[in-house]
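Read left to right, the sequence shown gives residues 1 to 201 (UniProt numbering).
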Amino acid sequence: LLNLPALRQIGFPANRRLLDVQRISHDPIRGAETFTELTAPIVTDSGTRIPGLRFGHPRVHALLQALLIHRLLPHGFTNRELRTLIAPLLGTTPQDITAGKMTYDLRRLRAHGLITRVPHSHRYQVTNIGLQQALLFTHAHDHLLRTGLAETTDPHPPARPVPTPCRRPRLPSRLRRPRSPRPPRRLTTAPHTTRNDANHT
Numbered sequence: 001l002l003n004l005p006a007l008r009q010i011g012f013p014a015n016r017r018l019l020d021v022q023r024i025s026h027d028p029i030r031g032a033e034t035f036t037e038l039t040a041p042i043v044t045d046s047g048t049r050i051p052g053l054r055f056g057h058p059r060v061h062a063l064l065q066a067l068l069i070h071r072l073l074p075h076g077f078t079n080r081e082l083r084t085l086i087a088p089l090l091g092t093t094p095q096d097i098t099a100g101k102m103t104y105d106l107r108r109l110r111a112h113g114l115i116t117r118v119p120h121s122h123r124y125q126v127t128n129i130g131l132q133q134a135l136l137f138t139h140a141h142d143h144l145l146r147t148g149l150a151e152t153t154d155p156h157p158p159a160r161p162v163p164t165p166c167r168r169p170r171l172p173s174r175l176r177r178p179r180s181p182r183p184p185r186r187l188t189t190a191p192h193t194t195r196n197d198a199n200h201t
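Quick look at the structure:
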């Protein structure tokens, strides 16, 4: 009990540090709001309704994939360049995608903050937040949902490989250090007791 005040002074800071480590660094509620802002329609101040970017929709997925490529262009991209890029992603030709459809898609991307228009030009650039969100959506679609659903719906899933025991890697014989010979072991024997010694004791 005499050491209780000292232990309290040590324990309280340690407990606070532990709580700081265990605290969630990102607010999941904010993530849900951002997901809704991207996928839900937007109504402007003038009453214009701009559709959202529905997650998993083939056209939206192609647009997000195209943004990842156009981000590498230092001078941005145009309506025509975007149309040429997303056409093969949709399994069609650029001639089948009209300029009006691309204007519709560009307006959606701009309204949701994924791209911005270069002043005094007809070119567009991918924003930093647009790059992050496009990368997250495409990665979650291709590598998480699609792969995970394929595994859960496979009627004949492959057998799980049996894990092999982890063995310690060994160096090649030419790199091993030769062992020094051990000195001969000495055998110790108990002292010999004679009969006279036994009788004397």
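Just so it is clear, CB atoms sit at the ideal spot from N, CA and C, and this is done for glycine as well.
- Proximity to residue 54 across 46, 40 and 84 peaks at 40, based on C-alpha coordinates.
- Around the C-beta of residue 133, 16 or more other C-beta atoms lie within 10 Å, and the residue is accordingly described as buried.
- Cβ neighbours of residue 83 within its own chain (closer than 7 angstroms, five residues either side excluded): 94, 97 and 102.
- Looking only at 49, 47 and 119, the smallest Cα-Cα distance to residue 78 is reached by 119.
- Per DSSP, residue 153 has no beta bridge partner at all.
- Between residue 44 and residue 50, the alpha-carbon positions lie close to 8 angstroms from each other.
- When DSSP assignments are scanned along the region 63-134, the uninterrupted stretches of alpha helix (DSSP H) that are 4 or more residues long and fall wholly within it turn out to be 79-89 and 99-111.
- DSSP, read as helix, strand or coil, puts residue 49 in strand.
- If you compare the alpha carbons of 46, 34 and 130 with that of residue 71, the shortest gap goes to 130.
- Its Cα nearest to that of residue 38, the residue 56 stands out among 56, 124, 122 and 87.
- Between the alpha carbons of residue 115 and residue 34 lies a gap of roughly 16 angstroms.
- One thing to note: residue 52 has its Cβ no nearer than 7 angstroms to the Cβ of residue 124.
- Just measuring C-alpha positions, the residue of 46, 28, 62 and 157 sitting nearest residue 105 is 62.
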